[in-house]
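Trainee:
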Amino acid sequence: MTITLDQTIAQKTHTPLALLLRSQVFWVFVAIVAACIFLSFATDSFATSKNIFNITRNVTFTAIIALGMTMVIIIGGIDLSVGSVLCLSSMMLAITMHAGYGLEIGITVAIVTSLAVGAFNGVLIAYLGFPPFVVTLGMLSIARSLAMVASNNTVVFEFGPDHARLLDLGGGAWLFGIANPVLYMIALAIIVGFILRWTKFGRHLYAIGGNESAAILTGVPVRLIKVAVYMISALSAGIAGIIQTGWLGAVTTNIGTGMELQVIAAAVIGGASLVGGVGTAIGALIGAALIEIIRNSLGLLGINAFWQGAFIGGCIIIAVAFERVRQLRSSE
Amino acid sequence: MAILELANVSKHFGAIQAVNDVSFSLEAGEVVGLMGDNGAGKSTLVKMIAGNFSPSEGTMRMDGQPLNMHRPVDARRHGIEIVHQDLALCNNLTAAANVFLGREVHRWFGPLRVLDYSRMYKRSAEIFAELKSETRPRDLIKSMSGGQRQAVAIARTRLSDAKVVLMDEPTAAISVRQVAEVLNLIRRLRDQGVTVVLISHRMPDVFDVADRVIVLRRGRMVADRRIAESSPEEVTGLITGAIERV
Ligand SMILES: Nc1ncnc2c1ncn2[C@@H]1O[C@H](COP(=O)(O)OP(=O)(O)O)[C@@H](O)[C@H]1O
Ligand SMILES: [Mg+2]
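Protein sequence lines correspond, in order, to chains B and E. Residue numbers in the first sequence follow our numbering, run continuously in steps of one, and reach 342 at the last position. Residue numbers in the second sequence follow our numbering, run continuously in steps of one, and reach 247 at the last position.
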């Protein structure tokens with residue numbers, strides 16, 4: 011009796027292969043690979059190193075913010091302010107450097123600004139009980155407006171004494187010819203993946219998204235964690251803003267417009283569930299990659315760019331349908 | 002000697018007086034049934050003892066020391082564990098993750114402090130074996146039966162050497178066979194000198210394992226009787242109000 015009981019307890023639930031086949035990330039990855047194979051045969055320009063370089067670099071801005079957004083979505087929240095925070099961060103960096111300060115000071119100002127915005131969102135949501143949707147929608151408007159006020163709505167393209175360093179930071183390729191933004195994205199994805207899988211903090215994010223009141227009852231510091239997560243989300247937008255500034259070499263007050271939707275789409279396509287409790291770092295990257303490939307391929311295939319929204323929206327709905335099917339299966 | 006003493010404890014939520022002037026003391030190694038109708042204040046009372054709520058009035062003492070608790074961890078530090086009525090489990094996490102929620106075990110990976118999955122799986126498996134429950138540490142809660150969920154919630158209380166274990170309706174949603182298992186577990190805890198407070202609607206459970214029964218009615222304590230000196234009829238009368246007070 012005890013032996014059979016022990017054996018039952020020790021039994022593994024799923025084989026690794028079964029888990030893989032059930033994961034949305036895997037199927038999106040398969041879709042990406044299939045699309046790449048198709049495109050390299052169907053067009054001459056897809057599989058060129060220049061196009062690959064462009065795709066990988068374009069993916070990064072969405073992907074970096076999607077990493078932060080995935081954490082927000084895991085705790086059952088949403089952050090609509092990321093596009094505006096990206097703009098505000100870029101603008102703070104640009105103005106500070108334009109005024110003659112060095113790169114380090116510019117980056118510090120941009121990051122502190124982003125963290126302050128995230129803390130403001132987080133405190134309103136976690137301590138005052140405001141709905142995340144409304145708070146971050148308000149911040150979407152506020153942050154961009156602040157960027158306009160700070161810059162007097164001008165374009166900044168001169169970054170003072172450290173101008174060349176900033177452009178190198180965003181536009182260079184320091185390692186094996188891989189664009190710098192891609193390197194930052196990989197580093198950040200590893201950090202976020204590590205946090206989600208291997209730390210107590212990460213574990214608690216899933217717990218909050220799974221059952222917030224259970225997390226509170228077992229003594230998880232839910233409010234503090236929520237504030238931290240909204241700060242991380244804003245930080246990821248701020249970092250993307252810094253990198254994008256260096257890459258573009260100019261900042262206008264409309265960069266990052268509409269980015270929040272693309273980022274949320276990437277997270278959801280990558281398997282994050284808007285009801286909370288589910289999501290991975292690799293999913294954020296894969297989701298961002300699929301969106302970029304759709305965008306890139308429509309251009310190469312000569313399909314009218316106006317179709318972009320329809321394709322990306324279709325992917326979101328398919329991703330949610332996937333999740334729905336799994337839910338129905340598991341509730342049987 | 003009393004291990005836990007409550008003196009004139011009350012709790013109100015705005016205008017609702019959930020618990021009203023309750024006093025009793027618990028001895029080491031006794032099983033006390035806590036009974037009362039829905040809304041009588043049972044859950045609120047044990048949540049105060051477990052550090053989830055702080056009392057509006059009154060004092061609680063553990064081993065003669067005043068209990069000053071702001072968070073559930075404070076109660077755990079005093080040796081008080083609770084199994085919540087709704088079990089407080091996260092469906093999207095594994096059994097082991099739920100057992101260790103809020104007190105995860107770590108190990109060093111180079112300079113990094115990381116979750117020690119294998120220790121947590123191993124310890125959970127040991128506890129499930131001890132509870133004689135067919136629960137696999139790696140299974141997700143959402144795929145589990147009511148009895149298995151109960152086992153996961155109870156397993157939490159076995160992580161530390163608790164002196165007082167509070168169980169809020171542990172037998173409400175499980176099969177007959179598993180009710181017997183839970184009652185056996187309660188006896189095992191008692192034999193180790195643990196004090197158990199058992200909230201239950203089921204008269205047979207309380208008369209089976211408890212030494213004493215405390216009855217709440219609309220937030221007030223209306224009885225504190227030895228089981229041997231009471232009867233299910235009397236307790237039923239106390240719960241409904243047919244018997245005013247003893
Ligand atoms: N967090 C809370 N906020 C407001 N009222 C509450 C809260 N928890 C319990 N109550 C109220 O306190 C009373 C006692 O509830 P409870 O302790 O859950 O009763 P029982 O567990 O005996 O069924 C009920 O009227 C309930 O509505
Ligand atoms: Mg109750």
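Built from N, CA and C at the ideal position, the CB exists for glycine as well.
1) Pick out the complete alpha helix (DSSP H) segments inside the stretch 17-92 of chain B, 4 residues or longer, and give them in chain order.
2) Would A163(E) and F129(E) be called neighbours here (beta carbons separated by less than 8 Å)?
3) Could you tell me whether the Cβ of A282(B) comes closer than 8 Å to any Cβ of chain E?
4) Could you check whether T72(B) and A315(B) sit closer than 8 Å to each other, using their CB atoms as the reference points?
5) Does ligand 1 have even one heavy atom less than 7 Å from the beta-carbon of A41(E)?
6) Using DSSP with H/G/I as helix, E/B as strand and the rest coil, what is K12(E)?
7) Quick check: is the beta carbon of T136(E) nearer than 8 Å to any beta carbon in chain B?
8) Measure the alpha-carbon distance for G324(B) versus G266(B) and round it to whole angstroms.
9) For R226(E), name the three-state secondary structure that DSSP assigns.
10) With DSSP run on the structure shown, which of helix, strand or coil describes V288(B)?
11) What's the C-alpha gap between F36(B) and L30(B)?
12) Against R72(E), what residues of chain B qualify as contacts under a CB-to-CB distance less than 7 Å, listed in chain order?
13) For W257(B), count neighbouring C-beta atoms within 10 Å of its own C-beta (all shown protein chains included) and say buried if the count is 16 or more, exposed if not.
14) Counting Cβ pairs closer than 8 Å, one from the stretch 215-225 of chain E and one from the stretch 13-21 of chain E, do we hit at least three?
15) With DSSP as the reference, please indicate the residues paired to I235(B) in a beta bridge.
16) Run down chain E in chain order and give the residues with a C-beta less than 8 Å from the C-beta of F210(B).
17) In this structure, does DSSP put H107(E) in helix, strand or coil?
18) For chain B, find out if any of its Cβ atoms is closer than 8 Å to the Cβ of A1(E); answer yes or no.
19) Just list the alpha helix (DSSP H) runs in the stretch 157-193 of chain B, keeping only unbroken ones of 4 residues or longer that don't cross its boundaries, in chain order.
20) Alpha carbon to alpha carbon, how far is P171(B) from A225(B)?
21) To the nearest angstrom, report how far apart M11(B) and G30(E) are at their CA atoms.
22) Cβ closer than 7 Å: which chain B residues qualify as neighbours of A126(E)?
23) Residue range of the beta strand (DSSP E) that V210(E) falls in?
24) Residues in its own chain within less than 6 Å of E58(E) by CB, not counting five upstream and five downstream?
25) Check whether chain E comes within 8 Å of L15(B), counting only Cβ atoms and requiring the distance to be less than that.
26) Along chain E, which residues have their Cβ under 8 Å away from the Cβ of R334(B)?
27) For E6(E), which three-state DSSP category applies?
Mentor: Quick answer:
1) 26-32, 34-52, 59-84
2) no
3) no
4) no
5) yes
6) strand
7) yes
8) 22 Å
9) strand
10) coil
11) 7 Å
12) G229
13) buried
14) yes
15) In DSSP, I235(B) forms no bridge with anything.
16) Looking at the sequence shown, residue 210(B) is not Phe but Lys. What K210(B) touches in chain E: E105, H107, L116.
17) strand
18) Not covered by the structure: residue 1(E). The range shown for chain E is 2 to 247.
19) 173-181
20) 50 Å
21) The predicted position of M11(B) is uncertain, since its pLDDT is 46 and thus under 50; a value taken from the coordinates is nonetheless stated next. Going from the Cα of M11(B) to the Cα of G30(E) covers about 29 Å.
22) I19, A20
23) Where V210(E) is concerned, there is no enclosing beta strand (DSSP E), although the alpha helix (DSSP H) it sits in stretches over 204-210.
24) S11
25) yes
26) Neighbours of R334(B) on chain E: none; closest Cβ ~15 Å, over 8 Å.
27) strand
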